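Structure first, commentary second.
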Amino acid sequence: MIAGNVATPDAVTALEDAGADATKVGVGPGMSCITKLKTGFGTGGWQLAAIQQCAAVAKKPIVADGGIRYNGDIAKSIAFGASMVMIGSMFAGHEEGPGEVLEMDGAKYKTYFGSASQFQKGEYRNVEGKKLFVPLRGSIYDTLREMQEDLQSAISYAGGRELHDLTKVDSVIVRNTITNGDNR
């Protein structure tokens, strides 16, 4: 069972003690998420620190959830202690993904929405997500190939041969591109 979402080491420990097999770390950094705006809480802007702090106490896998905008964000999340990442917006818009195709001003888009959006919930209650229109991007094949190539490059820059080698980097200088859902 994967549990979460959390943002603190104590929460990871509590979920693992309750039987979680993995814990999702990240509150509000997803592109379609407005949690920080609505509640004042969230890991956007410090998602990498939350991953690092939570991974330091975790005995089971950490899933970085939210805010992955670029392939380098995957590498950074792994380097900071995530075992895996969840990706939404980077996959949105591909023909293999869900979402209605719409045409606006001569361009094609797909709908993309957060799990806490009114659109997903079917009612306006505790809404912390929004519905977006993302450009139609064709097949996901090219995106996945580029993602794989970029991660291979990141691993080589880390002096490694496997994904786990990203965790062995002694120091990382990053500009945190993992932001809030509101991009602020």
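Just so you know, we're using numbering that gives the first Met the number 0 here: the sequence shown kicks off at 0 and counts up by one. The beta carbon of each residue, even a glycine, is placed where N, CA and C say it ideally should be. This structure is a prediction, so every number in the text was calculated from the model and none was measured.
Setting aside the 5 residues that flank it on each side, T166 is surrounded in the same chain by I77, A78 and G80, each with a C-beta closer than 8 Å to its C-beta; the list follows chain order. Excluding residues up to 5 positions away in sequence, P8 and G80 lie with their Cβ nearer than 8 Å to the Cβ of A55 in the same chain. P97 places its beta carbon 9 Å or farther from that of M83. According to the DSSP assignment, Y140 belongs to the alpha helix (DSSP H) that extends over Y140 to Y156.
The beta-bridge partner set that DSSP reports for I61 consists of T22.
Beta-bridge analysis with DSSP links H163 to no other residue.
For E102, no alpha helix (DSSP H) run applies; the uninterrupted beta strand (DSSP E) run containing it begins and ends at V100 to M103, by DSSP. The alpha-carbon of V5 is positioned some 11 Å away from that of A21. Using a 10 angstroms sphere on the CB of Q147, the tally of other CB atoms stays under 16, which defines it as exposed. By a beta-carbon distance limit of 8 Å, D64 does not contact G27. Their separation comes to about 10 Å.
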